[in-house]
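**Student:** Heads up: the sequence lines are chains A and B, in that order.
In terms of my numbering, the first sequence opens at residue 655 and continues consecutively.
In terms of my numbering, the second sequence opens at residue 221 and continues consecutively.
Don't be surprised by glycine CBs; every beta carbon is placed ideally from N, CA and C.
Values in this document were obtained by computation on a predicted structure and should not be read as measured data.
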Amino acid sequence: MNTQPKAHKRFNSWQMWGMLLLAPYVLVFAVFVIYPVLYGLWIARHPHSYELLFQDPVFPRTVLNTLIFLIVGINLKFVIALGLSGFFVQQKKWIKALLLLFLLPWAIPSIPTILSFRFMLNPEWGLINSSLFRWFEIEGPGWLTEPWLAFACSVLVHIWKSLPFWTLILITGRLAISSELYEAASVDGASRWQQFKFITWPSIATLYLTSTMLSMVWTLGDFNSVYLLTGGGPGDQTHVLATLGIRYLRIDQLELAMASIVMAMPLVLPLVIFMVRRLAAGEAKLAH
Amino acid sequence: MRKFFNEASLILIGIPVFLWTVIPIWHLAVLSFSPRDDVTSGTWLPSKFTIQNFEVIVGQKHYYLNHFWQQFGNSLFIALAAGLLTLGISTFAAFAISRLKAPGGNTVMNFALATYLIPAAFLAVPMYKAMGQYGLLNSQWSLILAMVTLASPYAIWVLKQASDKLPFELDEAAIMDGATPMQIFRLVYLPLMKPSLVAIGTYALLLAWNEYLYAFLLLSKDSDVTLAVALGHFLSADDSPWNLLMATGLVYALPPAAIYYAFRNYMVGGLTAGATKG
Numbered sequence: 655m656n657t658q659p660k661a662h663k664r665f666n667s668w669q670m671w672g673m674l675l676l677a678p679y680v681l682v683f684a685v686f687v688i689y690p691v692l693y694g695l696w697i698a699r700h701p702h703s704y705e706l707l708f709q710d711p712v713f714p715r716t717v718l719n720t721l722i723f724l725i726v727g728i729n730l731k732f733v734i735a736l737g738l739s740g741f742f743v744q745q746k747k748w749i750k751a752l753l754l755l756f757l758l759p760w761a762i763p764s765i766p767t768i769l770s771f772r773f774m775l776n777p778e779w780g781l782i783n784s785s786l787f788r789w790f791e792i793e794g795p796g797w798l799t800e801p802w803l804a805f806a807c808s809v810l811v812h813i814w815k816s817l818p819f820w821t822l823i824l825i826t827g828r829l830a831i832s833s834e835l836y837e838a839a840s841v842d843g844a845s846r847w848q849q850f851k852f853i854t855w856p857s858i859a860t861l862y863l864t865s866t867m868l869s870m871v872w873t874l875g876d877f878n879s880v881y882l883l884t885g886g887g888p889g890d891q892t893h894v895l896a897t898l899g900i901r902y903l904r905i906d907q908l909e910l911a912m913a914s915i916v917m918a919m920p921l922v923l924p925l926v927i928f929m930v931r932r933l934a935a936g937e938a939k940l941a942h
Numbered sequence: 221m222r223k224f225f226n227e228a229s230l231i232l233i234g235i236p237v238f239l240w241t242v243i244p245i246w247h248l249a250v251l252s253f254s255p256r257d258d259v260t261s262g263t264w265l266p267s268k269f270t271i272q273n274f275e276v277i278v279g280q281k282h283y284y285l286n287h288f289w290q291q292f293g294n295s296l297f298i299a300l301a302a303g304l305l306t307l308g309i310s311t312f313a314a315f316a317i318s319r320l321k322a323p324g325g326n327t328v329m330n331f332a333l334a335t336y337l338i339p340a341a342f343l344a345v346p347m348y349k350a351m352g353q354y355g356l357l358n359s360q361w362s363l364i365l366a367m368v369t370l371a372s373p374y375a376i377w378v379l380k381q382a383s384d385k386l387p388f389e390l391d392e393a394a395i396m397d398g399a400t401p402m403q404i405f406r407l408v409y410l411p412l413m414k415p416s417l418v419a420i421g422t423y424a425l426l427l428a429w430n431e432y433l434y435a436f437l438l439l440s441k442d443s444d445v446t447l448a449v450a451l452g453h454f455l456s457a458d459d460s461p462w463n464l465l466m467a468t469g470l471v472y473a474l475p476p477a478a479i480y481y482a483f484r485n486y487m488v489g490g491l492t493a494g495a496t497k498g
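#1: Taking contact to mean at least 3 C-beta pairs separated by less than 8 Å, is the region 341-354 of chain B in contact with the region 434-442 of chain B?
#2: Would you mind working out which of A/Leu753, A/Lys815, A/Ile725 and A/Val926 sits nearest A/Pro763, comparing C-alpha positions?
#3: Is any beta-carbon of chain A found at less than 9 Å from that of B/Arg406?
#4: How many Å lie between A/Ser611 and A/Leu724 at the Cα?
#5: State yes or no: is the beta carbon of B/Phe288 nearer than 9 Å to at least one beta carbon in chain A?
#6: Can you name the residues of chain B whose CB is closer than 7 Å to the CB of A/Val743?
#7: Counting only runs that start and end within the region 426-461 of chain B, where is the beta strand (DSSP E) found for 3 or more residues in a row?
#8: Report the option in A/Ile858, A/Lys746, A/Arg846 and A/Tyr836 whose CA atom is closest to the CA atom of B/Glu227.
#9: Just to make sure I have the definition right: I need the residues of chain A whose C-beta is within less than 9 Å of the C-beta of B/Val418. Which are they?
#10: Determine whether the beta carbon atoms of B/Ala448 and B/Asn430 lie at a separation below 9 Å.
#11: Name, please, each residue of chain B whose Cβ falls closer than 8 Å to the Cβ of A/Asn878.
#12: With three or more C-beta pairs closer than 8 Å as the rule, is the region 382-393 of chain B touching the region 410-423 of chain B?
#13: Can you tell me whether DSSP reads B/Arg484 as helix, strand or coil?
#14: Chain A partners of B/Phe505, CB-CB under 7 Å?
#15: Which same chain residues end up closer than 8 Å to A/Val926 when comparing Cβ atoms and leaving out the 5 residues on each side of it in sequence?
#16: Indicate whether at least one CB of chain A lies closer than 9 Å to the CB of B/His247.
#17: Establish whether the CB of A/Pro924 and some CB of chain B are separated by less than 9 Å.
#18: Which one of A/Leu921, A/Ala911 and A/Met919 has the shortest CA to CA distance from A/Ser703?
#19: Any Cβ of chain B within less than 9 Å of the Cβ of A/Asn783?
#20: Got a sec: which bits of the region 757-768 of chain A sit with their beta carbon under 9 Å from any beta carbon on chain B, in order along the chain?
#21: Looking at chain B, which residues of the region 685-715 of chain A have a Cβ within less than 7 Å of any of its Cβ atoms?
#22: Comparing C-alpha positions only, which one of B/Ala249, B/Phe274 and B/Ile277 sits nearest to B/Pro266?
#23: Beta-carbon separation of A/Phe790 and A/Gly780 under 9 Å?
#24: Using 10 angstroms around the beta-carbon of B/Ser440, count the other beta-carbons present and answer buried if the total reaches 16, otherwise exposed.
#25: Quick check: is the beta carbon of A/Ser667 nearer than 9 Å to any beta carbon in chain B?
#26: Between B/Val445 and the rest of its own chain, which residues show a CB-CB distance below 7 Å, the 5 nearest in sequence each way excluded?
#27: By Cβ distance below 8 Å, which residues in the same chain neighbour B/Leu337 in space, the five residues on each side in sequence not counted?
#28: For B/Thr496, which of helix, strand or coil comes out of DSSP?
#29: What residues of chain A sit near B/Ile309, judged by a beta carbon separation below 8 Å?
#30: For B/Met396 and chain A, any beta-carbon pair shorter than 9 Å?
#31: According to DSSP, is A/Val682 helix, strand or coil?
#32: State the Cα-Cα distance for the pair A/Leu674 and B/Val418, rounded to the nearest angstrom.
#33: Using three-state DSSP, classify A/Tyr881 as helix, strand or coil.
#34: Evaluate A/Pro920 with the Cβ neighbour count: other Cβ atoms within 10 Å of its Cβ, from every protein chain shown; 16 or more gives buried, anything less gives exposed.
#35: On the three-state DSSP scale, how would you describe A/Pro924?
Here it is as structure tokens:
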């Protein structure tokens with residue numbers, strides 16, 4: 655008889671401890687996420703900021719660049735990652751060694767490697783153009799001085815940096831598929847393409863789509879690949895929304911900075927809501 | 221014969237993958253060990269192998285490197301502080317949500333996940349302003365706290381997933397023996413969570429060490445900034461000593477690379493396990 659109230663009391667003290675232990679994170683969240691976000695939205699409340707934003711010739715180009723970055727960059731990255739994951743699951747010693755090397759761009763910080771790219775691509779004395787001239791007597795293009803070429807290089811640098819991680823994710827997806835399925839399929843005389851189409855793809859399609867969406871969110875926040883390679887130039891023509899917001903912030907145009915970020919919300923919010931549901935259900939577990 | 225073709229086609233894929241991965245890193249290393257004159261000659265090997273660049277760095281004998289050791293220490297301090305704080309805050313939170321079933325725990329989890337999914341460069345703008353209002357700008361604590369904010373959501377989520385998998389019978393047995401929640405936390409929970417804690421601590425540490433954007437926004441004094449920001453400073457001049465920049469970059473990149481290879485089983489296992497369930 656007297657265990658009942660005691661258990662009840664213990665339950666309460668557990669909940670109290672729970673709230674106490676949760677408090678540090680809630681505090682961090684309130685102070686460094688909630689308040690800044692609300693403050694930012696309040697700053698971005700004037701319609702006038704959006705008029706100014708649309709009048710800035712840099713803005714339309716930035717939106718276009720961001721969309722190309724997302725659509726072309728991410729799909730290219732994932733098609734390559736899908737293919738390479740098939741290569742890296744081969745059980746060979748040299749392929750395993752190559753995988754360790756392949757993960758290096760992901761493991762090391764991006765600043766030194768992006769700056770290495772930047773210098774390599776220097777039109778006058780960079781490694782690429784010097785080699786083109788030495789070997790083929792070709793005058794290489796101005797990799798970072800032609801706007802579209804510079805932008806394409808940023809996309810490639812982004813892929814260089816994040817391809818290893820997504821390949822690794824797709825490798826774990828492929829390794830989870832039972833090898834018996836493939837054995838049965840080869841006995842039945844299925845071609846490689848048929849094996850991919852009927853076994854591999856159905857097993858990893860969801861993982862592939864989840865990963866693509868996560869990568870979209872993170873690619874939107876990729877400041878380094880553009881800023882450190884091109885600085886948004888030449889002529890502010892290679893900005894993406896991530897660098898444009900910071901550019902406005904640096905020239906003390908806080909309202910424009912926040913407005914440009916709010917403009918990305920129609921794209922970001924659906925993704926965030928969808929992914930929070932999936933992640934909360936524990937369906938996927940992914941880190942940068 | 222078929223086997224030979226198979227091997228040949230694998231090698232045909234392997235070679236471009238190798239070159240694609242290695243060339244930028246090779247270029248970084250070559251310039252690091254090259255004398256100044258090599259910088260503009262675009263070579264694949266140093267004309268004369270030299271460690272002079274590293275002597276300049278260690279001796280802080282260049283305008284851009286006057287604070288090298290201080291900045292190295294700043295990077296280390298900020299990474300360690302952010303790693304430990306993240307670990308503490310997120311372990312408490314995950315324990316509270318998963319084991320103590322704290323009221324509102326799932327709501328907090330969802331908000332944390334949403335934070336994880338906000339592009340970092342977008343959050344940087346309002347956070348920079350808020351840090352200014354809090355009077356934290358130019359203090360290293362602003363960067364530490366910013367990194368804790370960015371690292372905690374994923375940390376809490378991974379730790380909660382790992383914690384949900386521990387059998388609840390353990391808690392019940394401990395309660396029967398009269399254990400308090402904090403005793404369960406210390407004696408049951410922490411020892412069992414060790415592998416995940418190592419992975420998450422390393423994750424937060426590397427995140428903070430590698431961070432560029434927040435560091436360059438929040439810190440400005442030469443003696444306060446991290447190595448990442450110091451590397452960015454090299455870009456401000458056209459005639460930057462690129463061989464010194466690359467050598468400093470190599471020094472900066474080595475610790476994360478070493479940690480990554482030392483902990484790679486923890487990292488890859490701890491951070492990607494369960495991905496297949498998607």
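**Tutor:** Result, derived from the coordinates:
#1: In short, these stretches touch, since the Cβ pair count reaches three.
#2: Numbered from 1 along the first sequence, position 109 holds the residue referred to as residue 763 of chain A. Looking only at A/Leu753, A/Lys815, A/Ile725 and A/Val926, the smallest Cα-Cα distance to A/Pro763 is reached by A/Lys815.
#3: As a position in the second sequence, residue 406 of chain B is number 186, starting the count at 1. Not a single CB atom of chain A sits nearer than 9 Å to the CB of B/Arg406.
#4: The structure shown does not extend to residue 611 of chain A, since chain A is modelled only from 655 through 942, so no value can be given for it.
#5: Walking along the second sequence from the start, residue 288 of chain B turns up at place 68. Cβ-Cβ to chain A under 9 Å: no for B/Phe288.
#6: Locating residue 743 of chain A in the first sequence gives position 89, where the first residue counts as 1. Against A/Val743, chain B offers no close residue; the least beta-carbon distance is about 12 Å (beta-carbon pairs closer than 7 Å).
#7: You should have found no qualifying run.
#8: Residue 227 of chain B sits at position 7 when you count from the first residue of the second sequence. Its Cα nearest to that of B/Glu227, the residue A/Lys746 stands out among A/Ile858, A/Lys746, A/Arg846 and A/Tyr836.
#9: Here residue 418 of chain B is taken as the residue at index 198 of the second sequence, counted from 1. Result: empty, since nearest Cβ-Cβ is about 14 Å, beyond 9 Å.
#10: For the purposes of this step, residue 448 of chain B is taken as residue 228 along the second sequence, with counting starting at 1. For the purposes of this step, residue 430 of chain B is taken as residue 210 along the second sequence, with counting starting at 1. Taking a C-beta distance under 9 Å as the contact criterion, B/Ala448 and B/Asn430 qualify as a contact pair.
#11: Looking up residue 878 of chain A in the first sequence gives position 224. Correct list: Tyr432 and Leu433.
#12: Yes: the two stretches touch, three or more of their Cβ pairs being nearer than 8 Å.
#13: Reading the second sequence from its first residue, position 264 is the one you call residue 484 of chain B. B/Arg484 falls in the helix class under three-state DSSP.
#14: No statement about residue 505 of chain B is possible, as the shown extent of chain B runs from 221 to 498 and does not include it.
#15: Start at 1 with the first residue of the first sequence, and residue 926 of chain A comes out as number 272. So the list reads Val871, once near-sequence residues are dropped.
#16: On the second sequence, residue 247 of chain B is found 27 positions in, with the first residue counted as 1. Chain A contact via Cβ: present.
#17: Position 270 of the first sequence, counted from the first residue, corresponds to residue 924 of chain A. No, no contact with chain B.
#18: As a position in the first sequence, residue 703 of chain A is number 49, starting the count at 1. In terms of CA proximity to A/Ser703, A/Ala911 leads the group A/Leu921, A/Ala911 and A/Met919.
#19: Translated into positions along the first sequence, residue 783 of chain A becomes position 129. The beta carbon of A/Asn783 sits closer than 9 Å to some beta carbon of chain B.
#20: Cβ contacts with chain B come from Leu757, Leu758, Pro759, Trp760, Ala761, Ile762, Pro763, Ser764, Ile765, Pro766, Thr767 and Ile768.
#21: If the cut-off is 7 Å between Cβ atoms, the region 685-715 of chain A has Phe686, Val687, Tyr689, Pro690, Val691, Tyr693 and Gly694 near chain B.
#22: Here residue 266 of chain B corresponds to residue number 46 of the second sequence, with the count starting at 1. Residue B/Ala249 is the option with its Cα nearest to B/Pro266.
#23: Position 136 of the first sequence, counting from 1, holds the residue named residue 790 of chain A. Position 126 of the first sequence, counting from 1, holds the residue named residue 780 of chain A. Cβ distance not < 9 Å, so A/Phe790 and A/Gly780 don't count as in contact.
#24: Position 220 of the second sequence, counting from 1, holds the residue named residue 440 of chain B. Result: exposed.
#25: Position 13 of the first sequence, counting from 1, holds the residue named residue 667 of chain A. Yes, because at least one Cβ of chain B sits closer than 9 Å to the Cβ of A/Ser667.
#26: Counted from its first residue, the second sequence places residue 445 of chain B at position 225. So the list reads Gln291, Asn294, Ala435 and Leu439, once near-sequence residues are dropped.
#27: If you number the second sequence from 1, residue 337 of chain B lands on position 117. Sequence-distant Cβ neighbours of B/Leu337 in its own chain, meaning closer than 8 Å and more than five residues away, do not exist here.
#28: On the second sequence, residue 496 of chain B is found 276 positions in, with the first residue counted as 1. Because the pLDDT of B/Thr496 is 34, which lies under 50, any placement of that residue in the model is unreliable, and the question is left without a value.
#29: Here residue 309 of chain B is taken as the residue at index 89 of the second sequence, counted from 1. Per Cβ cutoff of 8 Å: Pro678, Tyr679 and Val682.
#30: Counted from its first residue, the second sequence places residue 396 of chain B at position 176. No, because no Cβ of chain A sits closer than 9 Å to the Cβ of B/Met396.
#31: As a position in the first sequence, residue 682 of chain A is number 28, starting the count at 1. If DSSP states are grouped into helix, strand and coil, A/Val682 belongs with the helices.
#32: Here residue 674 of chain A is taken as the residue at index 20 of the first sequence, counted from 1. Here residue 418 of chain B is taken as the residue at index 198 of the second sequence, counted from 1. If you draw a straight line from the Cα of A/Leu674 to the Cα of B/Val418, it is about 24 Å long.
#33: Counting from one through the first sequence, the residue named residue 881 of chain A turns up at place 227. Of the three classes helix, strand and coil, the one that applies to A/Tyr881 here is helix, per DSSP.
#34: Sequence index remark: in the first sequence, residue 920 of chain A carries index 266 (1-based). A/Pro920 comes out exposed.
#35: In the first sequence, counting from the first residue as 1, residue 924 of chain A sits at position 270. If DSSP states are grouped into helix, strand and coil, A/Pro924 belongs with the helices.
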